[in-house]
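Just so you know, the sequences run in chain order A and B.
Counting in my numbering, the first sequence runs from 1 upward without gaps.
Counting in my numbering, the second sequence runs from 1001 upward without gaps.
Below: the structure, in structure tokens.
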Amino acid sequence: MTMPGRLTRWVVAAGTALALLGSVALAQKPTLLIANWQGYGSDLPWVVQAFEKQCGCTVKQVDFGSEQQLLNMLKQGGVGKIDAALPNSTYIRYAIDDGLLQPIDVSRLSHYGELIPQLTRLGALTRNGNVYGVPWLWGTVGIGYNPDLVEAPVNDYAALWDPRYAGKATFNDDPVIAVMTAALYLGEDPYHPDLAKVKQALLDQKRLDVTYWATTDDFTKLYTSKQVVIGNVWSGLATQIEANGYPIDYVTPKDVVTWVDNWVIVKNAPHPQLAYAWIDFMISQQFQGPYARDLKQQPPSPANRIVAESLPKDQQQTFQPSAVLETGISQATYDAWAQLWTEVKTTPVKPLP
Amino acid sequence: MTGRAARRWGWTAAALLAPAYGLIVALVLVPLGSLLAYSLTPGAVGGPGSLGLLFERYVRFFQDGPSRLVLLNSLTIPAMATLACLLVGWPLAYALAKVHRRRGNALLVVLMAPFFVSYLLIIYAIMGLLQVGGPLQAALAALHLVAPTHSLLYSRAAVTLALVYEYLPFMVLSLYGSLERLEDSVLEAGRGLGAGPARIFAEILWPQSVPGVIAGCALVFIPATGSFVEPQILGGTRLSMLGQVIDAQINQTFDLPRAATISLILTVAAVAGFAVLALAFGVSRRLARR
């Protein structure tokens, strides 16, 4: 969340990283160092233990709190020390641009063939014929609404602009999601929308919102206390809310904002063979199966096709080729979108009655 | 003191003060200087529409209507909170210093309680109080003062309330300090000479408490201008303060020079706002003494 903790967390993470980097040199067993989001499946105790047993190594993790922090971590001393990392499909491009990653020989991954082909074919993951990223988990940012309080059918993002929900809506506080959602609502090209129109649309949308949400906790509080009846929301979060017994219907428009998280191997990784083993484990059914079924972990959709097809119907999502990925955005575009989003957030609007 | 002793005293004093001055330079002047340097770095400011000015980011900030409005919020909300703290805190400090003198210390400890609670917890508690179905909201709805589905959250009042709760102890403590020092004999003399309560307040109590009022304003107003968690959680989309914009520049836009620019603008505005408050109360004291 957009909160004080982030900076602190970054400082703590950076400190931990340094401490770990120091200790790695001294460890006797080979130590795999991975850069990871905290509390995101790959750092669960059972997961780490299972892998350590298989590889006869130790797993150390350094946490990052945002994609930008991951890039900074790699640039400021991480290359040559960190083995594997987890950027999403937007940021992997910048990591490749800056020469922070090494190409991956997918023939060394025994489970690569189990991955959903539409995911492994994503343009963002390859460069000059080389594969740089292995898809791991993915999710959509569709519309969640309370079926008891929303009567009209909800089909696409236009519902977030429906004046019926004035004072009962919320919207995710993220520049890329905001701009892409508004562009899809307007029927604009989501990668190159008319920013003036997008800004106006976001200002119009703001008139309906109780508040913006940034963390899972924000959205859960707003939704379960019935302060909001509709909002754009991560698929995994909607699943979690339903698992906790609150009614929520989740709709993905035909063109839906989608993200994919991918494992990469960092350039000059000290233990490339361990990194390969780790990634192979992460995409295997051994990890993806139990993780995808543990709804308390708020799991996104698994990239492993066999696991995905084995899930209960209401938890299944089909990766649509028309999905609008949060990817392929240049740094300059990101900067412009982030600035636009700050402007939207600070511009006062009159709430709709 | 002979000249030599005085000189030696001078050196000793300088040596003793050096660490303090060193700290001020290292922890105040250097960071402020680097903020200024950061805010003037060329870079993303260029490009189409660039004005080519050294202080371009500052000019742009003030050219932008919403930014000016957010700056205004960052001053008026803390000002309202400061005045509310004064209105609530003054009688409280008076009661502690002059009425319940014997139990004053115990009561002061009670008053300090909010200090021991994380401010995030306070904010969430206020959220619970104001949300639909929360105690305060339900009470007001029962009295037909608000609609039953009307949340008191996400408003200017909610943010102000949180700030008042968090900063009230600072105000009371500084007022207590100046009221406690006031001799009772002065109040008795006033009464003996026929002054009524209003006149005693206007000519003795208030003027005597003004240094405490000004200190309290510094302790409440200045830090409150930098709030960003309170408006983020309780202000909703209706209200923004500059702290949130700085946070967004660091965590979403990654535009550190702009964050530095806004931080410096906020710092200067906070000091200027405090100066206005201090001046107003200082004048009120002069008028009372006339």
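Don't be surprised by glycine CBs; every beta carbon is placed ideally from N, CA and C.
All values derive from a computational prediction rather than experimental measurement.
Practice problem: Below 8 Å on the Cβ atoms is my guess for Pro193/A versus Val179/A; work out the distance and round it to an integer in Å. | Solution: 7 Å
Quiz prompt | Boundaries (first-last residue) of the beta strand (DSSP E) holding Pro135/A | solution = Val134 to Tyr145
Quiz item: Could one say the Cβ of Arg1068/B lies closer than 8 Å to chain A's Cβ atoms, at least one of them?
Solution: no
Practice problem: Assign Arg1057/B to buried or exposed, taking buried as 16 or more other Cβ atoms, counted over all protein chains shown, within 10 Å of its Cβ. | Solution: buried
Self-check item: Limits of the unbroken beta strand (DSSP E) element including Phe171/A
Solution: Ala169 to Asn172
Exercise. Taking only runs that begin and end inside the segment 22 to 89 of chain A, name each unbroken beta strand (DSSP E) of 3 or more residues, in chain order.
Key: 31 to 37 and 58 to 64
Quiz item: Is the Cβ of Thr66/A closer than 8 Å to any Cβ of chain B?
Solution: Rather than Thr, the amino acid found at residue 66/A in this sequence is Ser. So, interface residue.
Quiz item: Is the Cβ of Thr1041/B closer than 8 Å to any Cβ of chain A?
Solution: no
Practice problem: Consult DSSP for Asp294/A and reduce its assignment to one of helix, strand or coil. | Solution: coil
Practice problem: Count the other CB atoms, across all protein chains shown, that sit within 10 Å of the CB of Val1186/B; report buried if there are 16 or more and exposed otherwise. | Solution: exposed
Quiz prompt | Integer-rounded CB distance, given that Tyr165/A should sit under 8 Å from Leu208/A | solution = 6 Å
Quiz item: Less than 8 Å separating the beta-carbons of Leu1152/B and Leu1136/B?
Solution: yes
Exercise. Compute the Euclidean distance between the alpha carbons of Ala95/A and Ala323/A, then round it to the nearest angstrom.
Key: 23 Å
Quiz item: Which of helix, strand or coil does DSSP assign to Asp1247/B?
Solution: helix
Quiz item: Which residue's Cα is closest to the Cα of Glu67/A: Thr58/A, Arg93/A, Pro45/A and Val47/A?
Solution: Arg93/A
Quiz item: Would you call the segment 245 to 257 of chain A and the segment 140 to 160 of chain A in contact, with 3 or more CB pairs under 8 Å?
Solution: yes
Quiz item: Taking just the CA atoms, how far does Gly123/A sit from Gly1033/B?
Solution: 45 Å
Practice problem: Note down the Cα distance separating Asp255/A from Gly1243/B, rounded to an integer number of angstroms. | Solution: 35 Å
Exercise. Figure out for me which residue from Gln315/A, Gln69/A, Leu44/A and Val62/A has the closest Cα to the Cα of Ile1250/B.
Key: Gln69/A
Self-check item: Cβ separation of Leu1179/B and Ala1093/B, assumed to be a contact under 8 Å, to the nearest whole Å
Solution: 6 Å
Quiz item: Going by C-alpha distance, which of Ile230/A, Tyr223/A, Ile265/A and Asp218/A is nearest Gly245/A?
Solution: Tyr223/A
Exercise. Could you say which of Leu1096/B, Leu1087/B, Thr1149/B and Ile1204/B lies nearest to Arg1285/B if we only look at CA atoms?
Key: Ile1204/B
Practice problem: For Asn232/A, name the three-state secondary structure that DSSP assigns. | Solution: strand
Quiz item: Thinking just about the alpha-carbon of each residue, which of Ile1214/B, Val1159/B and Gln1232/B is nearest to the one in Val1283/B?
Solution: Ile1214/B
Quiz item: Between the beta-carbon of Leu186/A and the beta-carbon of Ala336/A, is there less than 8 Å?
Solution: no
Quiz item: Which one of Pro1211/B, Arg1191/B, Phe1228/B and Leu1017/B has the shortest CA to CA distance from Asp1247/B?
Solution: Phe1228/B
Quiz prompt | DSSP state of Leu311/A mapped onto helix, strand, coil | solution = coil
Quiz item: Does the beta carbon of Glu343/A come closer than 8 Å to any beta carbon on chain B?
Solution: yes
Quiz item: Once you ignore the five residues that flank Leu109/A on each side, which residues in its own chain have a CB closer than 8 Å to its CB?
Solution: Val134, Tyr276, Ile279, Asp280 and Ile283
Practice problem: Have a look at Gly1128/B and Met1112/B and give me their C-alpha separation to the nearest angstrom. | Solution: 22 Å
Practice problem: Whole angstroms is fine: what's the gap from Val59/A's alpha carbon to Ser1039/B's? | Solution: 41 Å
Practice problem: Could you give the DSSP three-state label for Arg207/A: helix, strand or coil? | Solution: coil
Exercise. Tell whether a beta-carbon distance below 8 Å holds between Gly236/A and Pro312/A.
Key: no
Quiz item: When DSSP builds the beta bridges, which residues end up paired with Tyr212/A?
Solution: Phe171/A
Quiz prompt | Outcome for Ala338/A when other beta-carbon atoms lying within 10 angstroms are tallied against a minimum of 16 | solution = buried
Exercise. Determine the direct distance from the alpha carbon of Pro1223/B to that of Ala1081/B, and round the result to whole angstroms.
Key: 11 Å
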